[in-house]
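Worksheet for the structure shown next.
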Amino acid sequence: MVQMLGQDLPVPVIKLVLRAHEALVTGETWPLRTLSRQMDVTDQKTSEILRLMRRDLGAPVVFQGGDAQGYRYQKGKIFDLPFFRVQLGPFLLLKPLTQGSSGPVWMGVHEATERLIVAKFLDTEESRRVMQFNAEVRALCRFEHPHVLRVHDRGELDEEAAETSGGRLRVGMPWVVTDYCAGGHLRERDWTKWHTLRDQLLQVLDGLAHVHSRGVLHRDIKPENVLDMSVDDGNTDLRLSDFGLATALGEGGSGPLNTLGSPGYLPPEVCAQRFDKLSAASDLYSLGCMAWEMATGALPYNTDQPVENLFEDHLKRPLSPFRPQRKLHSGFGSWIQMLLQKEPRDRFRSAAEARLALLEVDRTRRAGAVDHGRPVIPHAPADKDKPPPQPLAGAGLGLYGLRDMPLVGREAAQQALWYALYQTTTGGRPRVLCLEGGAGTGKGRLVQWLAEQASYLGVGQMLRVQHDAQKGPSHGLGPMLSRTFGLGGLPPEQAASRMDEALLTLGIIHPEFRRGLVNLITPGAPSLKQAERHDLVVRVLLELARQQPVILWVDGAEWAADSLAFARQLSGLMDLPNFPVLVLVTYRPRALATQAEELKLVTSLQEHPLCETLTLEPLGPNVLRQYAHSLLPLTEKVAEQLAKRSSGNPLFMEQLLRHWIQSNLLVAQGSVYSLAPGAKPEVPESIQTLWVTRVESLVAGQPNGKEAFRALLIAACLGEQVDSVELSTACQADGFELPLWVEEAMVARGLAEPREGGWAFAHALLQECLSRHADEEGEGQALHRACAQMIRGLEEKRPGHAARLGRHLLLAGDTFDALPPLLEGMREALHRQDTDALADCIELRGAALKAAGVPPSHQPHGENLMAKAWYHILCSEWQEAERLAFEGLRGVESFGWAGIAPECEQVLGKALFEQADYGGAMVHYQAAVQGFREMGDSYSEAVTTIKFGQVHAAQGEFQGGAALFRQAVRVLGTDRRSTRWRAEAYMMLGSVALATNRLDKAKPLVQQAMDVFQELGLVRGMAQAGNCVAELARKQGRTDEAMEWYSKAIDRFGQLGGSFVNTARLNLALTHIDAANYKEARRLLEVCAAFFSQNGQKQWEASARCVILPTLAQANLWKEFDGQLRVAERLLRETMFRQADLAKALALAGQICLDMGRRERAKHVCQLGLQMYEDMKDAKEAERIRKMLEQFAS
224 MVQMLGQDLP VPVIKLVLRA HEALVTGETW PLRTLSRQMD VTDQKTSEIL
274 RLMRRDLGAP VVFQGGDAQG YRYQKGKIFD LPFFRVQLGP FLLLKPLTQG
324 SSGPVWMGVH EATERLIVAK FLDTEESRRV MQFNAEVRAL CRFEHPHVLR
374 VHDRGELDEE AAETSGGRLR VGMPWVVTDY CAGGHLRERD WTKWHTLRDQ
424 LLQVLDGLAH VHSRGVLHRD IKPENVLDMS VDDGNTDLRL SDFGLATALG
474 EGGSGPLNTL GSPGYLPPEV CAQRFDKLSA ASDLYSLGCM AWEMATGALP
524 YNTDQPVENL FEDHLKRPLS PFRPQRKLHS GFGSWIQMLL QKEPRDRFRS
574 AAEARLALLE VDRTRRAGAV DHGRPVIPHA PADKDKPPPQ PLAGAGLGLY
624 GLRDMPLVGR EAAQQALWYA LYQTTTGGRP RVLCLEGGAG TGKGRLVQWL
674 AEQASYLGVG QMLRVQHDAQ KGPSHGLGPM LSRTFGLGGL PPEQAASRMD
724 EALLTLGIIH PEFRRGLVNL ITPGAPSLKQ AERHDLVVRV LLELARQQPV
774 ILWVDGAEWA ADSLAFARQL SGLMDLPNFP VLVLVTYRPR ALATQAEELK
824 LVTSLQEHPL CETLTLEPLG PNVLRQYAHS LLPLTEKVAE QLAKRSSGNP
874 LFMEQLLRHW IQSNLLVAQG SVYSLAPGAK PEVPESIQTL WVTRVESLVA
924 GQPNGKEAFR ALLIAACLGE QVDSVELSTA CQADGFELPL WVEEAMVARG
974 LAEPREGGWA FAHALLQECL SRHADEEGEG QALHRACAQM IRGLEEKRPG
1024 HAARLGRHLL LAGDTFDALP PLLEGMREAL HRQDTDALAD CIELRGAALK
1074 AAGVPPSHQP HGENLMAKAW YHILCSEWQE AERLAFEGLR GVESFGWAGI
1124 APECEQVLGK ALFEQADYGG AMVHYQAAVQ GFREMGDSYS EAVTTIKFGQ
1174 VHAAQGEFQG GAALFRQAVR VLGTDRRSTR WRAEAYMMLG SVALATNRLD
1224 KAKPLVQQAM DVFQELGLVR GMAQAGNCVA ELARKQGRTD EAMEWYSKAI
1274 DRFGQLGGSF VNTARLNLAL THIDAANYKE ARRLLEVCAA FFSQNGQKQW
1324 EASARCVILP TLAQANLWKE FDGQLRVAER LLRETMFRQA DLAKALALAG
1374 QICLDMGRRE RAKHVCQLGL QMYEDMKDAK EAERIRKMLE QFAS
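Mapping of the sequence shown onto the working numbering: residues 224 to 1417, in sequence order.
Following this line, the structure appears as structure tokens:
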């Protein structure tokens, strides 16, 4: 119904009156009854229309007889309509409704369906308001939910529509058409029963869960922004509306007070302008204020006071007693109080969780209680078998590309992804799924679908690790954490402070972890090594996963060696309880095949038993036609053309259809679209050509279009993720100003997506196509030179800065200039143990050396050779590292590469040590120490000296090792990296003191090391030092304290996985043996031995197999005893590993064997223990074992 002339008129009546007026204007005879019957209007209604027209409109209607019996107008007598007829495509606007905050709002009708609609206009050309209007439209277009206001179309007002508006609207005004909600807003709807109020809130929560799942915060929840489609007093059909203040989840947002939202509903974090704290809980606080108002008739805090005082109430003032106007369930007040907690962490975590708790209010038995448990993942996602809503006939062309693209023909992939999440969640253990497919096959869309479904149901949260070939500022794990905690764009000091606070909120209370994580995300902070970075990220994931399962998306894995290494670490943490993390790795197989390191890591992941691989094949012809119809209602002919020309690639079809729409080649034909008469659509030969064509059409006709196109080519040179400041600076370096409209135009055309601090190309393939186009046009070198000039001028030196500069200089053709920054990049990557960055720099510097014509006999080639050797060291490929180091020594001899000689020796020492060739390792480490000393490189000399000492200690030569550790301390400087190695030396001295039973010396040394590791936030160092503290307690006979320390270490540092956690288990097992808890010790040692064997760590495997012998003897498991002993003897011969705890375990095993009457076994293990004590020059213990052996002789 449309309110007009004092009564509610049905849409058919309005249409009939409009038709009558049209007949009058054109002078035609109008047979009213005949026409009304054609329009399905009854005779009775026709008579009512006549009375209405005569009485209220003064229409000159007269009777006409004859064959065309009916009524007609008297010619020349005009009457005015009480409404307008403004045509917006398939919509007819009838009258203005109100003046909204952004412009006029009109009511109209969709003519084909007679559905009432609302058209909202923007009446300003101010750029900020235009961007805000467009952002609201884009946000609304992402939503497809029965409780979120639906958008039907958008566009700009044409001249004819402006003219028929009587001057109320002007040409070019942006407009958007949505549903008309006849029931008004929620403030106008009353409730009389508890279930009515509850159902209204459930509808809002359901819509809000959908909005949040799309990564959007509403930020202005209040009754006026909740509309009702129903006019029935007994029912409500609510819609969330007005997304003018919406912002992306995780990106915060800011603005002046008048854009913060409605003061009575503002969450405390917004009142304090702490936008970094914005989350789904912020909208839930506003919803809590609205629920309080609905129940009590007033807001929680008085709005008739100065806004500053109201903000203070939201921030600090406790809630008044909850006194509802009508009787409600006793648990409802507690539910609202959960929503209105001052701190976001104390509220419900998601709208899905709040919805579940509200449903449980009726089922709660205890008065006033509220259940806020975690939602349970269902066997199938929420949208299973749910048909997508059909667009209104002739509408929606302006929305194409703004809505999420449908998933057609990928049902099996959807089922596999959901099942993987289901297994991860219910099993509480990490899993990995590799999703491979060509460009445009829908990998990213599938991951997005999974994340949206999981978020909507409250059973998962997604973290996206972005990667691209250019290794830009958004690349990798650190920027992922920065986005997760909303730190983008903040100065380093402020980012560090915010990060520290966020980690405390998350539950990471240990200061050492927080310091390390702050270093990880703060530009210019001290670098962390790869293992340390990974340990810290695991710690964050552990806490996040305890709140809600995590979907970790490694996007662009073909450029993601570091993140893939991290994923491999996660796949090994199967023994951590309550760690549900699903790692999704997406990549293009052809691109991956060109990246050796990434290919190796992906292959390694796929070999893991809990890793699956899902391959997306091109869609078949029938599925492609179905897909075309799902994109837009099309004629069969158009769908067939699209399917034929897109070569099985959904992305190609989407972009081709978008190109046709933006070229005005499609027209409405009833309820479907067809090609315009005479249209001959251009079909580019490839999707690459299509991308470039679309970008060229974007800038065509613009006064500064040439500069805009060049700016986009520079953006492509910078990478898939574009920082707005960097792009603007690079354009200035190239000699022009960046046109301000470019970013918004790219987003509006669906060619880019907004990001915090900038934007991203809509698809990696688009960025690659533009970059390739720049090279083909001969502009690539000049553009990369501008990028290099921009990077040189950056004040903030992030990790990888030198490598980025070197890359752009190389691509600019400035090969000699590229060599120094690429060498610096190699050294930085090596220091950080970042294999991804190191491999990249090695490849780029090799290309630069070749392009510059540097002869192979010159030392820069030797530097690259050693970088490759270190790369293989980091990858635990000892033999290849050894081969390259020997090749480097031959270069030293043949070409005089004196500068790399000590480094060659250092690499050989490390490679041979790890292969248990301790004699060879000592020779080469000694040569390396001498070489670094002669070069005056005291830092490298000290580090190598520590490594040299570790070889001594591993062979039981503790005195020589201690002397080397003390020598290293004397040589080290006072800078941060030297401080770190000084702590390593202290810890090794403490370990030697422990091994030689000088316990009074061990404690202060270990404590010194622990203090430094804590100050620097180095998790692994703290773990090793903590292990030494536990060892000290064990050696001093404080068994309970030792067990507590070891258990704490396993619990606190267990997320490190790998060697450390199993070394801690090994030591805990030793403590259990000291306490005669043989059964528990055996359980721990079986896990350790299996791990060390699987990972090729022979010396630790030998330790576990020696220490397990007493437990097997005690249990009379002699077959297992003999098997373990054989393996232990072989490993000890291969490694020459000697340690007091092993000798002690062997002696204990001999004593138990003797007590059990197994004299031959006792003699065998005692002789093995005696040999170990003699090798370690421990005369006292060796004499004790000899006395035991004398018993056998007697």
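The C-beta atom is built at its ideal place from N, Cα and C for all residues, glycine as well.
Whole-Å CB distance - Leu1291 paired with Ile1273, under 8 Å assumed = Taking the first residue of the sequence shown as 1, we reach residue 1291 at position 1068. Taking the first residue of the sequence shown as 1, we reach residue 1273 at position 1050. Right, their Cβ atoms sit about 7 Å apart.
Spell out whether any CB of chain D is found under 9 Å from the CB atom of Val599.
-> The structure shown contains no chain D; it is built from a single protein chain.
Taking just the CA atoms, how far does Thr809 sit from Phe875?
-> Position 652 of the sequence shown holds residue 875. Position 586 of the sequence shown holds residue 809. Those two C-alpha atoms are separated by around 19 Å.
Compute the distance between the beta-carbons of Glu949 and Gly981, then report whether it is under 9 Å.
-> Within the sequence shown, the letter at position 726 stands for residue 949. Within the sequence shown, the letter at position 758 stands for residue 981. Yes, Cβ-Cβ distance for Glu949 and Gly981 is below 9 Å.
Inter-stretch contact (C-beta, 8 Å, three-pair minimum) for the region 886-906 and the region 922-930 | no
Sequence ranges, alpha helix (DSSP H) only - wholly within the region 1106-1194, length at least 4 = 1124-1137, 1141-1158, 1161-1177, 1181-1194
Buried/exposed call for Val599, threshold 16 Cβ in 10 Å | The count along the sequence shown starts at 1 and reaches residue 599 at position 376. By the neighbour-count rule (16 or more Cβ atoms within 10 Å), Val599 is not buried but exposed.
Determine which residues share a DSSP beta bridge with Pro319 and list them.
-> The residue labelled residue 319 in the question sits at position 96 within the sequence shown. Paired residue(s): Trp329.
Expressed to the nearest angstrom, what Euclidean distance is found between the alpha-carbon atoms of Phe932 and Val918?
-> The residue given as residue 932 occupies position 709 in the sequence shown. The residue given as residue 918 occupies position 695 in the sequence shown. Going by the C-alpha atoms only, they are around 7 Å apart.
Going by DSSP, which residues form a beta bridge with Thr836?
-> Along the sequence shown, read from residue 1 onward, the residue named residue 836 stands at position 613. Answer by DSSP bridge pairing, in chain order: Cys657.
What number of angstroms, rounded off, separates the C-alpha of Ser1117 from the C-alpha of Leu1088?
-> As a working note, residue 1117 is residue 894 in the sequence shown. As a working note, residue 1088 is residue 865 in the sequence shown. The alpha-carbon atoms of Ser1117 and Leu1088 are separated by roughly 15 Å.
Quick one: give me the first and last residue of the alpha helix (DSSP H) that Tyr1301 is part of.
-> Taking the sequence shown and counting its residues from 1, the one referred to as residue 1301 is at position 1078. Unbroken alpha helix (DSSP H) run through Tyr1301: 1301-1317.
In terms of alpha-carbon separation, which member of Arg352, Lys752, Asn801, Gln689 lies closest to Asp778?
-> Within the sequence shown, numbered from 1, the residue matching residue 778 stands at position 555. Nearest C-alpha to Asp778: Gln689.
Excluding the 5 residues preceding and the 5 following Thr1334 in the sequence, name in chain order all residues of the same chain whose CB lies nearer than 6 Å to its CB.
-> Taking the first residue of the sequence shown as 1, we reach residue 1334 at position 1111. Contacts found: Tyr1301, Ala1304, Arg1305.
Does DSSP put Met1379 in a helix, in a strand, or in coil?
-> Taking the sequence shown and counting its residues from 1, one reaches residue 1379 at position 1156. Reduced to three states, the DSSP call for Met1379 is coil.
Return helix, strand or coil for Lys343, following the three-state DSSP convention.
-> Along the sequence shown, read from residue 1 onward, the residue named residue 343 stands at position 120. DSSP places Lys343 in strand when its eight states are reduced to three.
Under a three-way DSSP split, which group does Phe555 fall into?
-> By one-based count along the sequence shown, residue 555 stands at place 332. If DSSP states are grouped into helix, strand and coil, Phe555 belongs with the helices.
Please look up how many angstroms separate the CB atoms of Ser509 and Tyr488, rounded, as I've assumed it's under 8 Å.
-> In the sequence shown, residue 509 corresponds to position 286, counting from 1. In the sequence shown, residue 488 corresponds to position 265, counting from 1. Contact holds; Cβ gap of about 4 Å.
Answer yes or no: do Ala618 and His333 have a C-beta to C-beta separation smaller than 9 Å?
-> What you label residue 618 is simply residue 395 of the sequence shown in a count that begins at 1. What you label residue 333 is simply residue 110 of the sequence shown in a count that begins at 1. Their beta carbons are under 9 Å apart, which means Ala618 touches His333 by this criterion.
Taking C-beta to C-beta, are Leu522 and Trp398 nearer than 9 Å?
-> Translated into the one-based positions of the sequence shown, residue 522 becomes position 299. Translated into the one-based positions of the sequence shown, residue 398 becomes position 175. No; because the gap between Cβ atoms is not below 9 Å, this pair is not in contact.
Can you check whether the CB of Leu1228 is closer than 9 Å to the CB of Met1210?
-> Taking the first residue of the sequence shown as position 1, residue 1210 is located at position 987. Taking the first residue of the sequence shown as position 1, residue 1228 is located at position 1005. The answer is yes: Cβ separation under 9 Å.
Same chain, Cβ closer than 8 Å to Leu988, five either side skipped, listed in chain order | Translated into positions along the sequence shown, residue 988 becomes position 765. Excluding sequence neighbours, Leu988 sits near Ala662, Gly663, Leu874, Ile910, Gln911, Trp914.
Lys1170 to Arg365, Cα distance in whole Å?
-> Within the sequence shown, numbered from 1, the residue matching residue 1170 stands at position 947. Within the sequence shown, numbered from 1, the residue matching residue 365 stands at position 142. Roughly 57 Å separates the two Cα atoms.
Return the residue from the list Ala504, Ala1312, Ala819 that minimises the CA-CA distance to Tyr1094.
-> The residue given as residue 1094 occupies position 871 in the sequence shown. Between Tyr1094 and the set Ala504, Ala1312, Ala819, the nearest pair of CA atoms involves Ala819.
Leaving aside the five residues before and after Arg361 along the sequence, list all residues of the same chain whose C-beta is less than 7 Å from its C-beta, in chain order.
-> Stepping through the sequence shown from its first residue, residue 361 is reached at position 138. If we look at Arg361 and ignore the five residues flanking it on each side, its Cβ neighbours are Leu625.
Helix, strand or coil for Glu566, going by three-state DSSP, please let me know.
-> On the sequence shown, residue 566 is found 343 positions in, with the first residue counted as 1. Note: Glu566 maps to coil in three-state DSSP.
In or out: Leu815 buried (at least 16 other Cβ within 10 Å) or exposed?
-> Here the question's residue 815 lines up with position 592 in the sequence shown. Buried, by the Cβ-count rule.
DSSP bridge partner residues for Arg687 (one or two, in chain order) = Counted from its first residue, the sequence shown places residue 687 at position 464. Looking at the DSSP assignment, Arg687 forms a beta bridge with Trp776.
Pull up the CB-CB distance for Leu440 and Ser485, whole angstroms please, since I reckon it's below 8 Å.
-> In the sequence shown, the residue the question calls residue 440 occupies position 217. In the sequence shown, the residue the question calls residue 485 occupies position 262. Not really, about 15 Å apart at Cβ, beyond 8 Å.
What number of angstroms, rounded off, separates the C-alpha of Asp499 from the C-alpha of Ser720?
-> Within the sequence shown, residue 499 is the residue found at index 276, counting from 1. Within the sequence shown, residue 720 is the residue found at index 497, counting from 1. Asp499 and Ser720 have their C-alpha atoms roughly 11 Å apart.
Pick from Ser786, Leu855, Ala514 that is closest to Ser897, judged by C-alpha positions | What you label residue 897 is simply residue 674 of the sequence shown in a count that begins at 1. If we check each option's Cα against that of Ser897, Leu855 comes out closest.
Three CB pairs or more closer than 8 Å across the region 833-852 and the region 691-699 | no
List the DSSP bridge partners of Tyr896.
-> As a working mapping, residue 896 is identified with position 673 in the sequence shown. Paired residues: Leu857, Ala891.
Go through the region 1034-1113 residue by residue and report every complete run of the alpha helix (DSSP H) that reaches 4 residues or more, in order.
-> 1038-1055, 1058-1075, 1082-1097
So which of His996, Glu447, Gln1190 has the shortest CA-CA distance to Gly323?
-> Reading the sequence shown from its first residue, position 100 is the one you call residue 323. When only C-alpha atoms are compared, the closest one is Glu447.
Relative to the alpha-carbon of Leu563, which residue among Glu1164, Asp536, Ala1299, Val584 has its alpha-carbon at the smallest distance?
-> Residue mapping note: residue 563 aligns to position 340 of the sequence shown, counting from 1. Measuring from the Cα of Leu563, the nearest candidate turns out to be Asp536.
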